[in-house]
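**Student:** Handing you a structure now.
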Amino acid sequence: ETAVAPGVRQLWLFALIQRALAQAARQQPLLIVMEELQWADEASRELVATVTAQSANLPLLLLITFRPTIPFHFLALHQPTTSHITLANWSAGQARAVVQRRLSTGELPPLLEQRLGLRDQYGRESEQVNPLFLEESLKLMLAADVLHFGNDGRLRVDENRLAELPIPDTVAALLQTRLDALSAGAYSLLQVAAVIGYEFDLTLLTAVIPGMSQPEALDRLNELISADLVQTVVGGTQPVFMFQNSLLQEVVYRRLPYARRQTLHFALAERVATHAPTRADYPLLAHHYGQAEAHEEGLHYALAAAEDATENYTNRAAAGFYQQAIGHVRALGMEGRQETAVHILTAQATAHLRLGELEEAAKTTAIALDSGVNGSQTTQPALLNLLAEIGLAQARYPEAAALAAQVISQRATIPALAVAHAHQLAGQAAAAHQQWTVAENHLQMARTLLKSNGSLRPLPELLAAFGLVRSQQGTLPRAAELCQHAVDSAQQFALPIPMCTALLALAQVRLRQGRAREAVQVTTEGVELARAVSPRLLAQLLLVRVEAFLVDGRSHRP
Numbered sequence: 293e294t295a296v297a298p299g300v301r302q303l304w305l306f307a308l309i310q311r312a313l314a315q316a317a318r319q320q321p322l323l324i325v326m327e328e329l330q331w332a333d334e335a336s337r338e339l340v341a342t343v344t345a346q347s348a349n350l351p352l353l354l355l356i357t358f359r360p361t362i363p364f365h366f367l368a369l370h371q372p373t374t375s376h377i378t379l380a381n382w383s384a385g386q387a388r389a390v391v392q393r394r395l396s397t398g399e400l401p402p403l404l405e406q407r408l409g410l411r412d413q414y415g416r417e418s419e420q421v422n423p424l425f426l427e428e429s430l431k432l433m434l435a436a437d438v439l440h441f442g443n444d445g446r447l448r449v450d451e452n453r454l455a456e457l458p459i460p461d462t463v464a465a466l467l468q469t470r471l472d473a474l475s476a477g478a479y480s481l482l483q484v485a486a487v488i489g490y491e492f493d494l495t496l497l498t499a500v501i502p503g504m505s506q507p508e509a510l511d512r513l514n515e516l517i518s519a520d521l522v523q524t525v526v527g528g529t530q531p532v533f534m535f536q537n538s539l540l541q542e543v544v545y546r547r548l549p550y551a552r553r554q555t556l557h558f559a560l561a562e563r564v565a566t567h568a569p570t571r572a573d574y575p576l577l578a579h580h581y582g583q584a585e586a587h588e589e590g591l592h593y594a595l596a597a598a599e600d601a602t603e604n605y606t607n608r609a610a611a612g613f614y615q616q617a618i619g620h621v622r623a624l625g626m627e628g629r630q631e632t633a634v635h636i637l638t639a640q641a642t643a644h645l646r647l648g649e650l651e652e653a654a655k656t657t658a659i660a661l662d663s664g665v666n667g668s669q670t671t672q673p674a675l676l677n678l679l680a681e682i683g684l685a686q687a688r689y690p691e692a693a694a695l696a697a698q699v700i701s702q703r704a705t706i707p708a709l710a711v712a713h714a715h716q717l718a719g720q721a722a723a724a725h726q727q728w729t730v731a732e733n734h735l736q737m738a739r740t741l742l743k744s745n746g747s748l749r750p751l752p753e754l755l756a757a758f759g760l761v762r763s764q765q766g767t768l769p770r771a772a773e774l775c776q777h778a779v780d781s782a783q784q785f786a787l788p789i790p791m792c793t794a795l796l797a798l799a800q801v802r803l804r805q806g807r808a809r810e811a812v813q814v815t816t817e818g819v820e821l822a823r824a825v826s827p828r829l830l831a832q833l834l835l836v837r838v839e840a841f842l843v844d845g846r847s848h849r850p
């Protein structure tokens, strides 16, 4: 029985969730709201992208909010079924209508409009009003009791107090004014919550505050809820809370002294680490140990998080965690850690290659080669092969061939699998120059080495390369057989990336056979798989799919 890789299990989970949502949407229309997506992990964002891509014909609306000022990758933004709405500042008229609805009143006093930023000091309407500034200004006025409602339900404005009320000029300063009105205990608890993150639970909160009982923490949380700074997400015996908005969390966090931040991050990490952490906790531990500058622990969990992300084909997250890991290595000192550094850089370069970030992949691989262990009989050939693979992706065929030849020249002293991989890369480079005999010889040598070594996992990509060479030589039936064999082998071993490579090759052969409709079907399968594992292969499959659609459309014209 073949073990199923975590990444494949994740793909199956995505498919199961998609089917469940599709079934539910067919029974009644669905609206799913997700807020502050910039804080979601990459796997969750990829799930949303998968659901978005596969739900175009379903009565399903995904409403997602995020802050564009925080950079993150979200594939769904670039899909044809997605509408991107930027929430810009309001006009004075729009802001006035919001305030009127909020206060259940008609005309607003001129002084109130001026203090809310709807008019300037000369009574002229403002060109734009920041919605968050307006909201926080209203909350400040209501908390200061300069706005209140009489027994008749009508709004009363204490204009004398309103004129004297200090209202800061920025949203951050407004938020800080509200924070300054809190009790010392509530503010201290909120600071710890800000270090935990945008969302936090009561158990972890009390675990890192010495002497804090849960009833006492709940009293302080109720003060924060009453002040409209925090809201309950999950109730019950293990409640979960969240900040009213991410800017509030950011303001509280940044006002913490740096040393205090580090202490809290370390305490949080130690709490999680000593309570049987699971794979899902690795990113959290990497973050907190990293912020605490605990480099040994940070390196351990950054690597664990990176390797877990790699297994799940969340390549962008993997590249980020590997970047954290190499930062810890440099902080600790390279002496005695060269092999660890090379491992990290190689894995990071591979993640960049899967993402299609070829220049970054080449640069990272070159750094690994220069790291001081480039004489290793296993490390150097692997890095040279990786550079050759990147060169093929960049269409730098002579350079790729030269790198592969450098590995092959060491065949007497290096592992057979590295030599086999080099022969495959050399064959692909030769095929790109239509050197068919050279290409065949290299690919056949790679196949012989794999068979003698008993290693079958590299076989799908090798068979796909063989198939493309035969296809370019015109032996299409045999080419199709080889590519189909590659697909079957990749499926047998549950290898998503080789599967995408094999499907790409099979689709190209089907196109050359004049079987465009079959090519469309093959690329459709490949696109769904590549969407979750490799943006680079996804782009290649989409290009072949477009070509197949065009050919199929021409062949069916009357």
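Counted the way my numbering counts, the sequence shown spans residues 293 to 850. Even for Gly, the Cβ is constructed at its ideal location relative to N, Cα and C. Keep in mind the model is a prediction, meaning the values are calculated, not measured.
Measuring only the C-alpha atoms, how far is Glu328 from Leu539?
**Tutor:** Rounded to whole angstroms, Glu328 to Leu539 spans 11 Å at the Cα level.
**Student:** Check this for me: beta carbons of Pro458 and Leu466, under 8 Å apart or not?
**Tutor:** The answer is no: Cβ separation not under 8 Å.
**Student:** Under a Cβ-count criterion, where at least 16 other Cβ atoms within 10 Å of its own Cβ denotes burial, should Gly528 be classed as buried or exposed?
**Tutor:** Exposed.
**Student:** Tell me which residues share the same chain as Leu339 and place their Cβ nearer than 7 Å to its Cβ, disregarding the 5 neighbours each side in the sequence.
**Tutor:** For Leu339, where only same-chain residues beyond five positions count, the Cβ hits under 7 Å are Phe306 and Ile309.
**Student:** Going by DSSP in three states, His557 sits in which element: helix, strand or coil?
**Tutor:** Reduced to three states, the DSSP call for His557 is helix.
**Student:** Measure the C-alpha to C-alpha separation of Leu833 and Ile789 and round it to an integer number of angstroms.
**Tutor:** The alpha-carbon atoms of Leu833 and Ile789 are separated by roughly 12 Å.
**Student:** Considering just the uninterrupted stretch of the alpha helix (DSSP H) at Met737, what are its terminal residues?
**Tutor:** Here the alpha helix (DSSP H) through Met737 covers Trp728 to Asn745.
**Student:** Helix, strand or coil for Met433, going by three-state DSSP, please let me know.
**Tutor:** Here Met433 sits in helix by DSSP.
**Student:** Leaving out five residues before and five after Ala811 in sequence, what residues of the same chain have Cβ atoms less than 6 Å from its Cβ?
**Tutor:** Ala799, Arg802, Leu803 and Ala840.
**Student:** Give me the DSSP bridge partner(s) of His635.
**Tutor:** For His635, which the question treats as bridged, DSSP gives no partner whatsoever.
**Student:** Compute the Euclidean distance between the alpha carbons of Leu679 and Glu651, then round it to the nearest angstrom.
**Tutor:** Straight-line Cα distance between these residues: approximately 11 Å.
**Student:** In the structure shown, what three-state DSSP assignment does Asp444 receive?
**Tutor:** Reduced to three states, the DSSP call for Asp444 is coil.
**Student:** Which one or two residues does DSSP pair with Trp304 in a beta bridge?
**Tutor:** Paired residues: none, contrary to the question.
**Student:** Would Leu591 and Leu624 qualify as a contact pair, given that the criterion is a beta-carbon distance under 8 Å?
**Tutor:** Yes, Cβ-Cβ distance for Leu591 and Leu624 is below 8 Å.
**Student:** Beta strand (DSSP E) containing Met326: first to last residue?
**Tutor:** Met326 -> beta strand (DSSP E) spans Leu322 to Met326.
**Student:** Got a sec? Which residues, its chain only, sit under 8 Å from Glu681 by beta carbon, not counting five neighbours each side?
**Tutor:** Closer than 8 Å at the Cβ level, and outside the excluded window around Glu681, lie Leu645, Ala692 and Leu717.
**Student:** Can you tell me the Cβ-Cβ gap for Ala368 and Ala341, rounded? I've got them flagged as a contact below 8 Å.
**Tutor:** The pair is a contact, with the Cβ atoms about 4 Å apart (cut-off 8 Å).
**Student:** Let me check understanding here. Comparing Cα to Cα, which of Ala499, Thr378 and Asp412 lies closest to Leu384?
**Tutor:** It is Ala, not Leu, that sits at residue 384 in the sequence shown. Among Ala499, Thr378 and Asp412, the Cα nearest to that of Ala384 belongs to Asp412.
**Student:** Cutting at 7 Å between CB atoms, please list the residues of its own chain near Glu508, excluding the five before and the five after it.
**Tutor:** So the list is empty, once near-sequence residues are dropped.
**Student:** Jot down the residue ranges of each uninterrupted alpha helix (DSSP H) in the segment 563 to 627, minimum 4 residues, whole runs only, in chain order.
**Tutor:** Whole alpha helix (DSSP H) segments, 4+ residues: 574 to 583, 587 to 603 and 607 to 624.
**Student:** Nearest CA to the CA of Arg552: which residue from His580, Ala568, Ala317 and Gln319?
**Tutor:** The candidate whose alpha carbon is nearest that of Arg552 is His580.
**Student:** Is the distance from the Cβ of Leu741 to the Cβ of His715 below 8 Å?
**Tutor:** Yes.
**Student:** Do the segment 508 to 519 and the segment 393 to 413 touch if we need at least three Cβ pairs shorter than 8 Å?
**Tutor:** Counting Cβ pairs under 8 Å, fewer than three are found: no touch.
**Student:** Express the C-alpha separation of Ala822 and Gln346 in angstroms, rounding to a whole number.
**Tutor:** Answer to the nearest angstrom: the Cα atoms are 14 Å apart.
**Student:** Cα separation between Arg807 and Tyr545?
**Tutor:** Cα-Cα distance, rounded: 60 Å.
**Student:** Do you know how far the Cα of Ala696 is from the Cα of Leu768?
**Tutor:** Straight-line Cα distance between these residues: approximately 28 Å.
**Student:** Would you kindly work out how many angstroms separate the C-alpha atoms of Gln302 and Gln583, rounded to a whole number?
**Tutor:** Straight-line Cα distance between these residues: approximately 29 Å.
**Student:** Let me check understanding here. Comparing Cα to Cα, which of Ala559, Gln530, Glu599 and Ala565 lies closest to Pro502?
**Tutor:** Out of Ala559, Gln530, Glu599 and Ala565, Ala559 has the C-alpha closest to the C-alpha of Pro502.
**Student:** As a quick exercise: from His557, Val522 and Val532, pick the residue whose alpha carbon is nearest that of Gln541.
**Tutor:** The shortest Cα separation from Gln541 among His557, Val522 and Val532 belongs to Val522.
**Student:** Assign Glu293 to buried or exposed, taking buried as 16 or more other Cβ atoms, counted over all protein chains shown, within 10 Å of its Cβ.
**Tutor:** Note on Glu293: pLDDT 38, under 50, position unreliable in the model; the coordinate value appears next. The residue is exposed, with fewer than 16 neighbouring Cβ atoms inside 10 Å.
**Student:** Expressed to the nearest angstrom, what Euclidean distance is found between the alpha-carbon atoms of Val779 and Met791?
**Tutor:** Distance between the alpha carbons of Val779 and Met791 is about 6 Å.
**Student:** Measuring straight from C-alpha to C-alpha, what distance separates Val525 and Asp333?
**Tutor:** Spanning the two alpha carbons is a distance of roughly 19 Å.
**Student:** Span of the alpha helix (DSSP H) holding Phe785?
**Tutor:** No alpha helix (DSSP H) contains Phe785, which DSSP labels as neither H nor E.
**Student:** Excluding sequence positions up to five away, which residues of its chain have a Cβ less than 6 Å from the Cβ of Val761?
**Tutor:** Answer for Val761: Ala723 and Ala731, listed in chain order.
**Student:** With burial defined as no fewer than 16 other Cβ atoms inside 10 Å of the residue's Cβ, what is the status of Val838: buried or exposed?
**Tutor:** Classification for Val838: exposed.
**Student:** Excluding the 5 residues preceding and the 5 following Thr656 in the sequence, name in chain order all residues of the same chain whose CB lies nearer than 7 Å to its CB.
**Tutor:** Answer for Thr656: Leu637, Gln640, Ala641 and His644, listed in chain order.
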